[in-house]
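Protein chains in written order, with this note's numbering: chain A, 664 to 818; chain B, 886 to 1143.
These notes are about the structure you will find just below.
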Amino acid sequence: MESRNTQLAVGLFVIIGILALLFLGLRAANTSAVTTGETYRLYAKFDNIGGLKERSPVKVGGVVVGRVTKITLSGEYYEPLVEMTISATYDKFSDTSSVSILTSGLLGEQYIGLNPGFVDETVEMLQDGDQIYDTKSALVLEDLIGQFLFSQGND
Amino acid sequence: MLDKIAGLGRVILDSIAGAGAALLMLLRALIGKPNIRKAWPLLMQQMYAVGVLSLIIIVVSGLFIGMVLGLQGYNILVDFGAEQSLGPMVALSLLRELGPVVTALLFAGRAGSSLTAEIGLMKATEQLSSLEMMGVDPLRRVIAPRFWAGFYSMPILALVFSAVGIFGGYLVGVRWLGVDDGAFWSVMQASVDWGQDIVNGIIKSLVFAFVVTWIALHKGYSCTPTSVGISRATTSTVVTASLAVLGLDFVLTALMFG
């Protein structure tokens, strides 16, 4: 009978371990379902992506709709090209939409803010693989200071 | 002078021979066709002794370490108005470092020392020789189940430690000091990554489990079979295993997050 109690205790021990793993996986780790369902991809070219990283969120009005999946340099002039994977739930963005690289808080992570554009008869909706042309680059502090000093010098 | 050089040489030769003996012991214990029907009850018994009985100390220390992290982290972060980053701070430090390392250190003290003492006493009372005389390989019968029990138990213990620690941080941070409940979890979820943090933590604890159990078993198996020898071997298990864990942790951290 002692052997059965031992087995029971070990079984419970393993179950506690699995519960701990589930707790860590589901409660503590990033399991945001935004990019696990149906998705489509959009591209955007920036002059400077600042501190944007792969897996940075893409937000519309603060709501996460997708994530940055790839950052490469493209074209003759080596401009940063950002691939965004957007949840297919939000598939009605017009091609007048614009994207900008924003910072959450004063020192926070950088993310992409997507501003949906206006819609009328002449405007088409963005499809999988389309590129957004209206982009605004990240604010780089050194550039800002440089511009400020330059404008001071001109006075 | 020559005596000193000879002494140094003897120390080096001894340590190389010890490492070789430890490796041979492990290989002979683990390689070979396992007999599931016989090995299963032995493994269960050892999992109970090594894993289940270590659970209490792991849960209690995990809770307290999590609460201390919550308290210390809050006091520093609140100066920057960043107390909502308490969640990721507690979770990342537990998952990446404190969970595997402190579990391994506690495991070396709680389970490793008892493994060494048990096997050392078996050797001193010639139970190991008796097994051999009966035609039972003591490596397969005594060493192998203890090794696997330690190897399987420690990652589970480390996971429990991290989970309980995060809960402790939650208790202090949210329940006591008033960090926002939603922000605590959501900022944590935004910065803890499954592969980068949780899986790497599990890999760390697997490596530590291997090393600590191996050291404990070898120290017991190779000890001088006297009461002084057993006590030396037990002390040496805790010291060597703790040093090995801390050293390996630096190497693993450099490889994983460097």
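Ideal placement from N, C-alpha and C gives every residue a C-beta, glycine not left out.
Beta-ladder partner(s) of residue i, from DSSP
i	result
S737 (chain A)	A:E742
M1019 (chain B)	M1019 (chain B) is not bridged to any residue.
A707 (chain A)	A:V745, A:I795
Y774 (chain A)	A:L765
G729 (chain A)	A:V721, A:I749
T702 (chain A)	A:S750
Buried or exposed by the 16-neighbour rule on C-beta atoms within 10 Å, applied to residue i
i	result
G997 (chain B)	buried
F949 (chain B)	exposed
V1123 (chain B)	buried
M788 (chain A)	exposed
V726 (chain A)	exposed
F811 (chain A)	exposed
E968 (chain B)	buried
P743 (chain A)	buried
R622 (chain A)	Outside the displayed range of chain A (664 to 818) lies residue 622 (chain A), so it cannot be described from this structure.
S666 (chain A)	exposed
G894 (chain B)	exposed
K1089 (chain B)	buried
A906 (chain B)	exposed
V1072 (chain B)	buried
I1041 (chain B)	buried
W1079 (chain B)	exposed
A696 (chain A)	Its pLDDT being 49, under 50, A696 (chain A) is placed unreliably in this model, and the value from its coordinates should be taken loosely. Counting Cβ neighbours within 10 Å, A696 (chain A) comes out exposed, since fewer than 16 surround it.
M1019 (chain B)	exposed
N920 (chain B)	exposed
N1150 (chain B)	Shown here, chain B extends from 886 to 1143; a query on residue 1150 (chain B) therefore has no answer.
R1031 (chain B)	buried
D710 (chain A)	exposed
P926 (chain B)	exposed
P904 (chain B)	The amino acid at residue 904 (chain B) is misidentified as Pro; the sequence shows Ala. By the 10 Å Cβ count, A904 (chain B) comes out exposed.
S750 (chain A)	buried
T798 (chain A)	buried
Y741 (chain A)	exposed
T1119 (chain B)	buried
L685 (chain A)	exposed
Helix, strand or coil at residue i according to DSSP, with G and I counted as helix
i	result
I712 (chain A)	coil
L1037 (chain B)	Per the sequence shown, residue 1037 (chain B) should be read as Tyr rather than Leu. Helix.
M929 (chain B)	helix
G892 (chain B)	helix
S1107 (chain B)	coil
T1001 (chain B)	helix
S761 (chain A)	strand
M788 (chain A)	strand
A967 (chain B)	coil
E1011 (chain B)	coil
K923 (chain B)	helix
A696 (chain A)	Bear in mind that a pLDDT of 49 at A696 (chain A), under 50, signals an unreliable position, so the number given afterwards is only what the model happens to contain. A696 (chain A): helix per DSSP, three-state reduction.
I916 (chain B)	coil
G936 (chain B)	coil
A1043 (chain B)	helix
K755 (chain A)	coil
L1062 (chain B)	coil
V1084 (chain B)	helix
Y801 (chain A)	Correcting the residue identity first, residue 801 (chain A) is Ala in this sequence and not Tyr. Coil at A801 (chain A), not helix or strand.
F853 (chain B)	As displayed, chain B neither begins before 886 nor continues past 1143, which places residue 853 (chain B) out of reach and without an answer.
M886 (chain B)	coil
P985 (chain B)	helix
F686 (chain A)	helix
D783 (chain A)	coil
D1078 (chain B)	coil
G1050 (chain B)	helix
Whole-Å CB distance - residue i paired with residue j, under 8 Å assumed
i	j	result
G955 (chain B)	L971 (chain B)	6 Å
A976 (chain B)	V1077 (chain B)	5 Å
L1016 (chain B)	A914 (chain B)	L1016 (chain B) to A914 (chain B), Cβ: 13 Å. No contact.
F1036 (chain B)	T1098 (chain B)	6 Å
G936 (chain B)	T1001 (chain B)	Between T1001 (chain B) and G936 (chain B) the Cβ distance is about 17 Å, and since that is not below 8 Å, they are no contact.
S761 (chain A)	G780 (chain A)	7 Å
V1092 (chain B)	L1131 (chain B)	That pair is no contact at about 13 Å.
F1046 (chain B)	G958 (chain B)	Contact flag wrong, Cβ pair sits at about 18 Å.
Q773 (chain A)	S719 (chain A)	6 Å
T732 (chain A)	M929 (chain B)	Not quite, the Cβ-Cβ distance comes to about 46 Å (not below 8 Å), so this is no contact.
I961 (chain B)	L991 (chain B)	No, I961 (chain B) and L991 (chain B) are not in contact; Cβ-Cβ is about 26 Å, not under 8 Å.
A1126 (chain B)	I1100 (chain B)	5 Å
Chain A contacts from the segment 919 to 942 of chain B (Cβ-Cβ distance under 8 Å)
Correct list: P926, M929, Q930, M932, Y933, G936, V937, L940.
Determine which residues of the segment 1046 to 1070 of chain B have a Cβ less than 9 Å from any Cβ of chain A, and write them out in chain order.
F1046, S1047, A1048, V1049, I1051, F1052, W1070
Anything in the segment 959 to 978 of chain B with a Cβ closer than 7 Å to a Cβ of chain A? List those residues in chain order, please.
Under the 7 Å Cβ criterion, the segment 959 to 978 of chain B contributes A976.
Residues of the segment 1028 to 1042 of chain B whose Cβ lies closer than 7 Å to any Cβ of chain A, in chain order
Taking 7 Å as the Cβ-Cβ cut-off against chain A, the residues of the segment 1028 to 1042 of chain B that qualify are I1041.
Determine which residues of the segment 669 to 681 of chain A have a Cβ less than 7 Å from any Cβ of chain B, and write them out in chain order.
T669, Q670, A672, V673, F676, V677, I679, G680
Under 9 Å, CB to CB, which of the residues in the segment 702 to 718 of chain A have a partner in chain B?
R718
Contact set between the segment 1108 to 1128 of chain B and chain A, restricted to residues whose Cβ is under 9 Å from the partner:
none
Within 7 Å of chain B by C-beta, residues of the segment 788 to 810 of chain A in sequence order
Correct list: empty, as no residue qualifies.
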